[in-house]
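Just so it is clear: in the sequence shown, position 32 is 32 by this note's numbering, and no numbers are missing.
Structure record follows, encoded as structure tokens.
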Amino acid sequence: MKGEGRRALLVLGFGHFVNDLHTSTLYPLLPLIARRLNLSEAEVFWLAPLLNLTSSLMQPVYGFLADRYTRRAFAVVGPAIAGSFISLIGTATSYGMLLLLLILGGIGNGAFHPQGAALVARANEHRRRLALSTFSSSGTLGFALGPMIITAIVAATDLTHTYLLMPLGWVATLLIFRYGPREDRHPSDKREVFGSLTSTLRGVWRPMLSLYLITVSRSATYVMTNSYMPFILTHRG
1 MKGEGRRALL
11 VLGFGHFVND
21 LHTSTLYPLL
31 PLIARRLNLS
41 EAEVFWLAPL
51 LNLTSSLMQP
61 VYGFLADRYT
71 RRAFAVVGPA
81 IAGSFISLIG
91 TATSYGMLLL
101 LLILGGIGNG
111 AFHPQGAALV
121 ARANEHRRRL
131 ALSTFSSSGT
141 LGFALGPMII
151 TAIVAATDLT
161 HTYLLMPLGW
171 VATLLIFRYG
181 PREDRHPSDK
191 REVFGSLTST
201 LRGVWRPMLS
211 LYLITVSRSA
221 TYVMTNSYMP
231 FILTHRG
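Put into structure tokens, the structure is as follows:
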């Protein structure tokens with residue numbers, strides 16, 4: 001793995017770590033947010049799915065836009081957007097404000113993922129599998145540590161201090177902007193991108209649809225379990 005590839009993997013892996021760390025901070029805070037805003041179970045139920053809808057399920061849209069314009073811009077701004085808005089959920093004073101923060105945070109989260117992976121793969125063409133697996137594991141590590149970090153912050157302060165995580169997103173954005181890989185191509189023509197997309201999907205849409213539905217089902221189960229587990233543990237004392 002060459003120096004440029006290692007640098008790209010390091011900064012983009014850190015961006016992935018920060019991105020997924022912020023996303024996972026929502027789950028342990030749900031009982032506290034519900035109590036603070038006096039939310040019903042139905043209102044709480046929509047919080048985690050909303051964050052995932054705007055991040056995961058919208059990633060094909062972000063990928064299409066990145067192919068039309070530039071991957072680098074999406075990868076650079078993603079962590080700052082996700083970190084800025086998701087880290088403010090503890091300060092939300094209304095349900096509407098909370099929903100808006102999750103939507104905007106999810107957009108930043110989703111904008112980063114496909115572009116970050118594409119840039120890592122492009123910068124490590126000869127060790128692509130190793131680079132992508134390392135990039136993926138950095139996000140998993142962030143997702144695992146997020147609940148522990150945010151609960152430590154809230155335990156030491158209170159719910160309104162979730163914003164203390166915000167600098168992580170901006171640090172990741174600055175590092176990717178300064179040290180991330182550059183693109184040596186111009187944005188593609190809209191017709192070229194759309195034509196390439198349709199021709200690529202034409203022969204593989206059936207297995208891709210099956211894989212997509214399996215992934216959605218898995219994610220739905222995962223999100224529901226993570227959303228309600230904090231409430232179950234809270235009720236059990």
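For each residue, glycine too, the CB sits at the ideal point set by N, CA and C.
- If the five residues before and after Ala-80 are omitted, its C-beta is found closer than 8 Å to the C-beta atoms of Gly-108, Gly-169, Trp-170, Ala-172 and Thr-173, all from its own chain and listed in chain order.
- With 16 or more other CB atoms across the displayed protein chains lying within 10 angstroms of its CB, Ser-55 is buried.
- Assignment of Pro-207 by DSSP, reduced to helix, strand and coil, places it in the helix class.
- A buried status is given to Thr-25, since no fewer than 16 other beta-carbon atoms sit within 10 Å of its beta-carbon.
- With a threshold of 16 other beta carbon atoms within 10 Å, Ala-117 meets it and is buried.
- The continuous alpha helix (DSSP H) containing Ala-118 extends over residues 95-123.
- Residue environment: Gly-146 is assigned as buried (16 or more neighbouring CB atoms within 10 Å of its CB, all protein chains considered).
- Here Ser-133 carries a helix assignment [DSSP, helix/strand/coil].
- Here Gly-106 is buried. Its C-beta has 16 or more other C-beta atoms within 10 Å.
- The beta carbon of Val-120 lies closer than 7 Å to those of Ala-8, Leu-9, Leu-12, Ala-131, Leu-132 and Phe-135 in the same chain, with the five residues before and after it left out.
- Residue Ile-89 holds the alpha-carbon nearest to the alpha-carbon of Asp-158 among Leu-47, Ile-232, Leu-141 and Ile-89.
- The beta carbons of Leu-98 and Ile-33 sit about 7 Å from each other, so the pair counts as a contact at 8 Å.
- In this structure, Tyr-95 sits away from Leu-21, with a CB-CB distance that is not shorter than 8 Å.
- If you ignore the 5 residues before and after Ala-111, its C-beta comes within less than 6 Å of the C-beta of Tyr-62, Phe-74 and Gly-78, all in its own chain and listed in chain order.
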